[in-house]
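Residue 1 is where the sequence shown starts when you use the numbering used here, and the numbers rise one by one after that.
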Amino acid sequence: MAYCFDSALKIAVLFAQKKSELPLSIHIFSFAILLTFLCLFVAKFIAPKSDVASKVVEKVAVLIAVTAFIISVTIPLH
């Protein structure tokens with residue numbers, strides 16, 4: 001899990017720093033993974049204060065994770 005988060009963060013930062021040779025779909029995929037982890041961490045930290053908001057953020061994280069999966073399936077492999 002830490003490797004996925006680290007890789008997604010590095011790819012997203014690389015895209016922001018310079019023009020990369022990776023396709024745009026890879027960058028969108030890594031950004032979706034980054035947002036998924038961000039939502040999960042936020043949900044974990046706000047759970048003691050607001051249980052309802054935590055559950056909503058977790059559901060958003062699941063939605064983004066499903067979107068990332070769909071993006072990963074549609075990336076062409078050539």
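From the three backbone atoms N, C-alpha and C, an ideal C-beta is built for every residue, glycine too.
request  = Report the rounded CA-to-CA distance for V66 versus A53, giving the unit in angstroms.
outcome  = As the crow flies, the alpha-carbon of V66 is around 20 Å from that of A53.
inquiry  = Alpha carbons only, please: which of I46, S25, C39 and K59 is nearest the one belonging to V73?
reply    = Taking only the C-alpha atoms, the option nearest V73 is S25.
query = Can V57 and A43 be called in contact, C-beta distance under 9 Å?
reply = In contact: V57 and A43 (Cβ atoms closer than 9 Å).
ask   = So, are the CB atoms of I81 and F29 less than 9 Å apart?
value = As displayed, the chain neither begins before 1 nor continues past 78, which places residue 81 out of reach and without an answer.
Three-state secondary structure assigned by DSSP to S25 = Helix, per DSSP.
message = Quick check: the Cα distance between P48 and C39, rounded to an integer number of angstroms?
response = In a straight line, the C-alpha of P48 is about 15 Å away from that of C39.
Coarse secondary structure for I75, derived from DSSP in three states = Three-state result, I75: coil.
request  = Express the C-alpha separation of A32 and I75 in angstroms, rounding to a whole number.
outcome  = Approximately 14 Å between the Cα atoms of the pair.
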